[in-house]
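Participant: The sequence shown begins at 116 in the working numbering and counts up one residue at a time. No residue lacks a Cβ here, since even glycine has one placed at the ideal position from N, Cα and C.
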Amino acid sequence: MAILQNKGVFLLRKCQNCNMPFSWSEIYKAFLGWVYKPVKCVNCGAEHEITILGRLIFVSLTALPMLLFVIFFSPFNNLFATLGVGLAILSIGSLFVPYFVEFKVV
116 MAILQNKGVF LLRKCQNCNM PFSWSEIYKA FLGWVYKPVK CVNCGAEHEI TILGRLIFVS
176 LTALPMLLFV IFFSPFNNLF ATLGVGLAIL SIGSLFVPYF VEFKVV
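1) When the distance is taken between beta carbons, is Phe211 closer than 8 Å to Leu183?
2) Starting from Glu309, follow its DSSP beta bridges and name the residues at the other end.
3) Quick check: the Cα distance between Gly148 and Ile165, rounded to an integer number of angstroms?
4) Can at least three beta-carbon pairs, one atom from the segment 130 to 146 and one from the segment 205 to 219, be found at a separation below 8 Å?
5) Do you know offhand how far Arg170's Cα is from Lys129's?
6) Can you tell me where the alpha helix (DSSP H) with Tyr100 in it begins and where it stops?
7) Across which residues does DSSP place Pro136 in a beta bridge pair?
8) Suppose the cutoff is 6 Å on Cβ atoms and the five residues either side in sequence are ignored; what does the same chain contact list for Val185 look like?
9) Could you please give the first and the last residue of the uninterrupted alpha helix (DSSP H) stretch that includes Pro180?
10) Should Ala145 go down as buried or exposed, given a rule of 16 or more other Cβ atoms within 10 Å for buried?
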């Protein structure tokens, strides 16, 4: 897995057929809901499916940090404060997912 960088700025993934970059929102919408949806290239129509590695990256950036904080590292004695910070961690982690996921052409 190569992290794409250009002078310190992370780049979004591109279509494997035509090199058209996907938008952040296209990739992010693929993770919404209970089922991962394929990302369709607007230029050539190729569908890209999220790989198993991409799913593991998604979990490691969202649910895993939240659960670790809520279960082990919470300094609060208040359940609502703990869950609130845990949900904030989940939300912030999900914003970085489109930059790190891996795709394959279906």
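Facilitator: Taking the structure as given:
1) no
2) What the structure shows of the chain is the stretch from 116 to 221, and residue 309 is not part of that stretch, so it cannot be assessed.
3) 14 Å
4) yes
5) 18 Å
6) There is simply no residue 100 to check, as the chain begins at 116 and stops at 221 in what is shown.
7) Lys129
8) Thr197, Gly201
9) 178 to 183
10) buried
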